[in-house]
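Counting along the sequence shown from 1, when you hit position 193 you're at 193 in UniProt numbering, and nothing is skipped either side. A virtual CB, placed ideally from N, CA and C, is assigned to each residue, including glycine.
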Amino acid sequence: MAVDDRSEATVKTFAVKPKLKPTNKKSLSSPESSYWKSFKPKQTQTLVSSITSLAFSPTAPHDFAATHSATLTIFSSQTLEPKSTISAFKDTATSACFRSDGQLIAAGSYSGQIQVFDPKKRSALRCLSGHSRPVHFVSYPRVDKLHLFSGGDDSVVKYWDVLSGDSMHNLYGHKDYVRCGDGSPASDDMFITGSYDHTVRVWDVRVSNNGSMLSINHGAPVEDVIYLPSGGLIATAGGNNVKIWDVIGGGKLLYSMETHNKTITSLCVGKIGNQNRILSVSLDGYLKVFDYSTLKITSSVRFPSSLMSVAFSPDCSTRVIGSSNGILYAGKRKTKESMESVKPEWGKHVGFGYEPEKRVLRPSYFRYFHRGQNEKPSKGDYLIMRPKKVKLAEHDKLLKKFHHKEALVSALRAKNPENIVAVMEELVSRKKLLKCVSNLGVDELGLLLSFLQKYSTMPRYAGVLIVLAKKVVENRIDDISGSEELKSCIRNLKRSIVEEIRIQESLQELQGIISPLLKIAGRN
1 MAVDDRSEAT
11 VKTFAVKPKL
21 KPTNKKSLSS
31 PESSYWKSFK
41 PKQTQTLVSS
51 ITSLAFSPTA
61 PHDFAATHSA
71 TLTIFSSQTL
81 EPKSTISAFK
91 DTATSACFRS
101 DGQLIAAGSY
111 SGQIQVFDPK
121 KRSALRCLSG
131 HSRPVHFVSY
141 PRVDKLHLFS
151 GGDDSVVKYW
161 DVLSGDSMHN
171 LYGHKDYVRC
181 GDGSPASDDM
191 FITGSYDHTV
201 RVWDVRVSNN
211 GSMLSINHGA
221 PVEDVIYLPS
231 GGLIATAGGN
241 NVKIWDVIGG
251 GKLLYSMETH
261 NKTITSLCVG
271 KIGNQNRILS
281 VSLDGYLKVF
291 DYSTLKITSS
301 VRFPSSLMSV
311 AFSPDCSTRV
321 IGSSNGILYA
331 GKRKTKESME
341 SVKPEWGKHV
351 GFGYEPEKRV
361 LRPSYFRYFH
371 RGQNEKPSKG
381 DYLIMRPKKV
391 KLAEHDKLLK
401 KFHHKEALVS
411 ALRAKNPENI
421 VAVMEELVSR
431 KKLLKCVSNL
441 GVDELGLLLS
451 FLQKYSTMPR
461 YAGVLIVLAK
471 KVVENRIDDI
481 SGSEELKSCI
491 RNLKRSIVEE
501 IRIQESLQEL
511 QGIISPLLKI
521 AGRN
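Right, here's the structure in full:
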């Protein structure tokens with residue numbers, strides 16, 4: 001009874017084709033994929049509108065902030081419940097960012113203002129005004145507590161002194177909306193920005209020449225850009241591509257991957273043990289995990305709505321994803337369960353030394369009969385080989401669908417005489433050949449006449465083609481008379497037939513001379 005309940009639940013959840021064999025889940029999921037799926041997403045909150053950004057506090061207990069509508073909400077990373085809500089924005093809030101000590105949080109808005117808050121008091125300590133259009137990204141440097149950098153739809157990147165509230169540098173270079181940015185792990189004076197003008201720029205506020213050190217063309221409007229932990233590589237997202245660049249090597253493109261079907265909206269860096277991964281989300285509803293050391297996608301998770309933002313906690317325990325319809329998917333990994341699911345080959349990567357006991361699969365177990373087609377046979381198993389599927393040609397597929405004229409034209413265009421004559425013989429047996437000939441267009445009729453002129457005199461095909469040529473001329477005389485190209489084909493066909501008749505008459509004369517000599521030779 002439990003088996004029936006399980007199968008009914010599966011049918012309700014997935015559209016499974018009945019002819020497919022059950023697949024072995026273990027063979028389809030790697031240990032790393034199991035690790036990422038252990039962050040079971042829990043729909044914690046349905047917020048007012050699209051979640052424009054997510055950010056974790058760099059200090060324990062690593063609470064996280066989400067911006068949505070004209071509100072900034074701070075959630076507990078332990079309970080995944082809201083702790084405080086800040087509603088001091090005049091317009092849609094964007095790009096929340098914690099300071100390195102977690103004591104302050106800054107966020108931009110569509111009003112063009114940047115506000116700095118104390119998360120505990122929920123009061124605005126500073127209001128930075130300088131952008132003339134909506135601000136789409138605000139970020140603190142990795143260690144520096146006194147400065148901010150920001151960018152918006154006015155195409156200007158600003159470097160702020162938070163204490164005085166003044167803009168220290170106005171950095172020009174982008175020609176369209178500035179949508180994203182990130183601070184360098186190597187230096188607090190360096191950061192990168194991405195724009196809808198398809199470029200990513202590397203800035204250094206110590207450089208007097210407008211601060212721009214390097215410009216990289218992504219090839220599409222840039223939605224997000226992040227520094228990788230080494231500080232020498234950056235990852236950019238635009239369109240449905242994620243690209244990895246070597247900044248130290250002068251902006252050299254190292255790898256480009258087309259991981260999603262729709263626009264990628266956000267990137268972040270996640271960790272598995274001591275190794276880093278790139279997490280990307282897209283409007284297609286997928287979360288993809290990319291191992292940039294082996295250049296492979298290691299995990300893919302589907303969500304029911306378009307995704308706008310993603311963040312991963314510094315202690316690797318929480319992953320949060322924001323969607324376009326205001327749903328926040330927060331997943332927390334349980335350390336004990338993840339330890340039990342660790343495989344030996346993955347344990348050596350993340351530092352776990354223990355190897356779980358492997359469970360033997362016996363014929364008396366239910367799982368034995370659901371091993372799937374990827375399971376290797378045992379020594380005593382009897383193998384049943386499935387016959388290989390024959391690949392049909394295009395004209396054979398059309399004949400199976402009873403598209404007779406299309407099958408004939410497809411065979412004529414393929415220019416294989418054996419296949420063409422075979423199709424004609426099949427159409428004769430179906431009593432459809434003359435009907436197909438009468439329905440041919442002028443160009444298709446030209447193909448048929450060219451074939452008849454070339455192969456009608458060959459003994460292998462003459463029995464079928466000579467009769468067909470006569471019927472074609474009788475049935476399509478009006479079309480032939482109105483086209484010089486078809487007249488030329490008929491003249492060539494007539495010339496070939498006259499030449500063949502002359503050759504046959506010469507051969508008959510020779511046969512008449514040789515036959516008496518052979519009879520005389522036979523008597524002797």
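Beta-carbon within less than 7 Å of residue i's beta-carbon, same chain only, minus the 5 sequence neighbours each way: which residues are those?
i	result
D284	H260, N261 and K262
P58	F98, S100, G102 and P314
S317	K332 and R333
S256	N241 and K243
L72	A65, I86, A93, A96 and A107
S49	H68, S69 and G326
G231	S184, P185 and A186
What are the boundary residues of the alpha helix (DSSP H) that residue i is part of?
i	result
D479	I477 to S481
M424	P417 to S429
Y35	P31 to K37
K494	E484 to R523
S49	No alpha helix (DSSP H) contains S49, which DSSP labels as neither H nor E.
N439	L433 to N439
residue 566	The chain is shown only over 1 to 524; residue 566 falls outside these bounds and no answer can be derived.
Y196	No alpha helix (DSSP H) contains Y196, which DSSP labels as neither H nor E.
D443	V442 to Y455
Can you say whether residue i is buried or exposed, counting buried as having 16 or more other CB atoms within 10 angstroms of its CB?
i	result
Y382	exposed
S429	exposed
F56	buried
I384	exposed
F191	buried
A521	exposed
V178	buried
C127	exposed
T265	buried
A158	In the sequence as displayed, the identity of residue 158 is Lys instead of Ala. When all chains shown are included, K158 counts as buried.
Q115	buried
E223	buried
residue 573	For the chain, the structure presents residues 1 to 524; residue 573 sits outside this window and is missing.
G512	exposed
When every heavy atom of the ligand FMN is checked, does at least one fall within less than 8 Å of the C-beta of residue i?
i	result
Q511	Ligands displayed in this structure: none; no statement on the ligand FMN is therefore possible.
Specify the secondary structure class of residue i as computed by DSSP and reduced to three states.
i	result
M385	coil
D396	helix
E223	strand
R302	strand
A124	strand
A186	coil
D161	strand
V242	strand
R460	helix
V320	strand
V310	strand
K471	helix
L233	strand
L267	strand
L465	helix
K296	strand
So the beta strand (DSSP E) residue i belongs to, where does it begin and stop?
i	result
H404	It is not in any beta strand (DSSP E) - H404 instead sits in the alpha helix (DSSP H) that spans H404 to A414.
D166	D166 to L171
G249	Neither: G249 is in no beta strand (DSSP E) and is coded neither H nor E.
N217	S212 to N217
R277	Q275 to S282
K332	I327 to K332
Excluding five sequence neighbours on each side, which residues of the same chain lie with their C-beta closer than 6 Å to the C-beta of residue i?
i	result
I226	D182, A235 and L267
S129	Q113
E444	V409
N217	H198 and T199
K405	C436 and N439
G173	R201 and S212
S167	G130, K158 and W160
K90	S111
Ordered along the chain, which non-local residues of its own chain (more than five positions away) have a Cβ less than 8 Å from that of residue i?
i	result
T94	T52, S53, T67, A107, G108, S109, Y110, P134, V135, H136, F137 and V138
T277	Inspection of the sequence shows that residue 277 is occupied by Arg rather than by Thr. Excluding positions up to five away in sequence, the list reads V269, G270, K271, V289, F290, D291, Y292 and T298.
R206	D189
L214	R201, V202, V247, G250 and G251
residue 525	For residue 525 there is no data in the structure shown, the boundaries of the chain being 1 and 524.
Say whether chain D places a C-beta atom closer than 9 Å to the C-beta of residue i.
i	result
L493	Here there is only one protein chain, and chain D is not present.
Are the region 502-513 and the region 479-492 touching by the rule of at least three beta carbon pairs closer than 8 Å? no
I'd like to know if the region 408-418 and the region 431-448 are in contact, where contact means that at least 3 CB-CB pairs between them fall below 8 Å. yes
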